[in-house]
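Below is one structure, written out as structure tokens; comments come after it.
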Amino acid sequence: MCRKSSLPRAVASALVALAVVAAVVAGVVTRPARATAPPHDPLLGVNMSFYGANDALVTQTGTRELFRSWGVPFVRVPLRDHFDDAGKTPVGDDLLMSAMRAVKNVGATPLLIIRGPGEGGTAEETKAADLHLLKLVHQVFGEDPAYLEFGNEPDRADVSAADYTAAWNAVVPALKAAYPNDRYVGPVASRADHEFADYVADFAAGAKPAPDYLSWHEYVCGASTDGGWKNTCVSHLANWQNHVKAIEDKVQAKLGRTLPYFISEWNADPEAGSPVYDDANAGYLAAWTSKAIAQLRALTPAPAGAMIYTATDHQNFGLVTGVDTVTAQGKAFHAALTGDSVSTPDSPDSPDSPESPGTQDASASPVSPASPDTQNSPKTPGSDASGDQYYVATDGDDKTGDGSQAHPWATIQHAAEQVKVASGGATVHVADGTYKDAVENKTSGHAGGHLTFVADHRWKAKIAPTSSAIPFENRGDYVRIEGFDVTSAGGAWSGILTWGAHNIVQGNHVHDIRTDIGSGDCTGSPGGDGIGDDGSSSDNAFVGNQVDHIGPYPRECEYIHGIYPSGANDIIQDNVTYNSSGSGIRFNHNATGATITNNLSFANADHGIFISGGVDATADKFVISNNIVLDNAMFGINVRSDANGANNEFHDNLLWGNKKGTYGKDSSEELTPPNSSGTLSEDPKLVDYRDDGTGDYHLTASSPCVDAGTDSGAPDADYDGVSRPQGHADDIGPYELSAGTGSKQETTT
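Counting in numbering that gives the first Met the number 0, the sequence shown runs from 0 upward without gaps.
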């Protein structure tokens, strides 16, 4: 944000939730390179300036509709206590809630700045103010997690890293106790060069609780004091990668792991009135913006989000002026956001010009970014976005809507009935919100292109029918279901059930299914699962899902499982499953040729992984490898007598703390599989193991899982999108340890 005065700025931030991107080609799950950005680019957000009650984004329907039509994924919002006008006008609760409702109306995810150090007041006063703000936040956004920056640019208010960390440790524990599902972000530094990288790292090492995300701001030049600013503004873009690398290295050294991050504010010059933003330099600014966005997209590891300052009029710059007049910078931003080509950033030699605010040493050489398909970046679940595009939103209309982005339908079911699959496939984009109607899709894609149902933001589109209908039942072939939060309060038999062949269930969070089963109903065979397919299915893939609280856990109900496929040649990879009344992963009904690799199955009331056959054939040709299976009530991996095929393979699994032992047969006796190797029976040394799903399940550097896996049947990327291998060999489990690893998995209890 431009520097209007010496007062600390109170602006806020936003998140995009993301997930792993995979493709199924010839039965092998691989991670494709990132294509041109789809309409909802998960990286590029905006700041709301909110310097007065008449901010157009808050007050003007036309402005909100413009940003909604752009598909802006998130908006950073300052929850100010007063405006910086002559009268220091207080900002009341109603106006704060109006600002947050504007973000909700745009369809974006908010990242909000709450009170922090440097704004006056004691820690107790800050805590009370923040608890009040969070009450307002959840009145607007309901049960959805909020993403919260603790203060803004404390370094500019002369708050040291030690004092900021002390304030965090005094206030945030109370906020986290009251709102445990929210995400807490700091230290919101104004810069990331020189000692500011130490500022961020010192905070990361001392913060208790640890932040969910780090954040800082990036500007590249000071045109008022630099006669060569046009060169400086471009050449210093290369320093953004240097800043990321420096902070990653320092945090790794001090904390022992890295953390995901936001660049929650960026632009060319932080100063109000800078000639960079004059009309006479509009063409230059547009070209610079394209280069800056290209540089942001090339950062490795990638930020969780990067928010340009600012959305609407503030001093002499903004993406939009008035109600809906798009500026030159706005046009460049819009072109990048909606997928038009963006120029590649320059790779100049180290700049000779003096250091400007927000830049690193001119002597620092740029770090070459990794290719996009190897970035440690959470990604929005995605498809190739080819074929026709359709849109669904909670404020859409099935009767008057046409499925376009401007006039979306209201229900996913209606989209499933209306969608036409072109030669390149088709994609149904589902906006954030809760959808209370169950979905039964009967439309198929084809080998040339899947029919994809994808949430705009990971786990922000919630399918939660109140009836006993299955939340998402697919009866088509070549269908992809990605990124949804799926639950049922009505006693549904399954969360996501797919029939047919060549379907992909990916990056979803399925939870609280069949929790209504009474104690007497756990005898016999009531059945149920979080995710599964039918015995007549084949060649389906279940990748990167989180499945938890399936059945009346912690009570055992052995026929209700987390992931319960039964098809031939199915692929089960990179999933995390826990707290199921049956087994975490269960195969049944004559299944053959399945690949079960790099999963984490823990704290289930039966087995971690359970393989059984059927009346017609013995389960055979299974590859079960690289799995971490721990703390389950029965065996780690159990094989029924009718599933012990001669061609089953068990390699490099870690089985630890399972109550009855490692491998079992018929749930009663220990088994030594004939085709097995590399089994580990020791503590996996995860970062923070907790049996309720609230821990951090990444590997520590001392984990025996590191470089202990096999590449046979292993996916090309891990749960976070990190490419395998990072070391001498693949790691065991869904997470690959690397210098860039550290984006904490978001589990929900």
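From the three backbone atoms N, C-alpha and C, an ideal C-beta is built for every residue, glycine too.
- Cα atoms of Ile623 and Glu735: separation of roughly 18 Å, rounded to the nearest angstrom.
- Distance from the CA of Gly423 to the CA of Ala567, rounded to the nearest whole angstrom, comes to 26 Å.
- In this chain, Lys659 is not harboured by any beta strand (DSSP E), its DSSP state being neither H nor E.
- For the set Gly656, Trp655, Ile636 and Lys659, the Cα lying nearest the Cα of Glu648 is the one of Ile636.
- In the DSSP assignment, no residue is bridged to Gly543.
- Under the criterion of beta carbons closer than 8 Å, Tyr183 and Lys175 qualify as touching, at roughly 7 Å.
- Annotated as proximal: Lys435 and Ala463, with beta-carbon spacing under 8 Å.
- His137: not part of any beta strand (DSSP E); member of the alpha helix (DSSP H) spanning Ala122 to Phe140, first to last residue.
- For Ala437, the secondary structure class from DSSP, reduced to helix, strand or coil, is coil.
- Ala196 sits buried, since 16 or more C-beta atoms from the chains shown fall within 10 Å of its C-beta.
- For Met306, the closest C-alpha among the options Ala166, Asp706, Ser263 and Tyr563 is that of Ser263.
- With respect to the C-alpha of Arg479, the residue from Lys134, Ser443, Ile469 and Ser487 having the closest C-alpha is Ser443.
- Looking at the DSSP output, Trp215 bridges to Ala188 and Ile262.
- Take Gln388, set aside five residues on each side of it, and the residues of its chain with a beta-carbon closer than 7 Å to its own are Thr426 and His428, in chain order.
- For Met47, the three-state secondary structure derived from DSSP is coil.
- As for any alpha helix (DSSP H) of minimum length 4 sitting wholly inside the region 227-315, the runs are 228-234, 238-254 and 281-297, ordered along the chain.
- If you ignore the 5 residues before and after Pro116, its C-beta comes within less than 7 Å of the C-beta of Gly150, Pro153, Val158, Asp162, Tyr163 and Ala166, all in its own chain and listed in chain order.
- The C-beta distance from Ala632 to Asp665 rounds to 16 Å, too long to fall under 8 Å, and the pair is not in contact.
- His242 counts as buried, since no fewer than 16 other beta carbons sit within 10 angstroms of its beta carbon.
- By the Cβ-count criterion, Pro208 is exposed, with fewer than 16 other Cβ atoms from all chains shown falling within 10 Å of its own Cβ.
- Per DSSP, Pro172 lies in no beta strand (DSSP E) segment; the continuous alpha helix (DSSP H) that holds it begins and ends at Ala160 to Ala177.
- Here Tyr563 is not near Ser580, since their CB atoms are 8 Å or more apart.
- Annotated three-state conformation of Phe82 is coil, per DSSP.
- Across the structure, Ala618 and Ala590 are spaced so that their CA atoms are roughly 6 Å apart.
- Rounded to whole angstroms, the separation of the alpha carbons of Gly694 and Pro724 is 24 Å.
- His428: member of the beta strand (DSSP E) spanning Ala425 to Val429, first to last residue.
- According to the DSSP assignment, Asn637 belongs to no alpha helix (DSSP H) but to the beta strand (DSSP E) extending over Phe634 to Val638.
- With respect to the 8 Å criterion, Leu496 and Tyr477 are not classified as neighbours on the basis of their beta carbons.
- Of all C-beta pairs linking the region 224-233 to the region 189-204, fewer than three are shorter than 8 Å, placing the two stretches out of contact.
- Considering only Asn598, Thr320 and Asn168, the residue with the shortest C-alpha distance to Met47 is Thr320.
- The beta carbons of Leu599 and Pro733 sit about 5 Å from each other, so the pair counts as a contact at 8 Å.
- Contact between Asn603 and Gly561 holds: their C-beta atoms lie close to 7 Å from each other, under 8 Å.
- When DSSP states are grouped into helix, strand and coil, Ile411 belongs to the helix group.
- Counted as a single uninterrupted DSSP element, the beta strand (DSSP E) harbouring Gln388 occupies residues Asp387 to Val391.
- Annotation for Lys103: no beta strand (DSSP E) segment contains it, though the alpha helix (DSSP H) segment containing it runs Asp92 to Val105.
- Excluding five sequence positions before and after Ile595, the CB atoms of its chain that fall closer than 6 Å to its own CB belong to Ile571 and Ile623, given in chain order.
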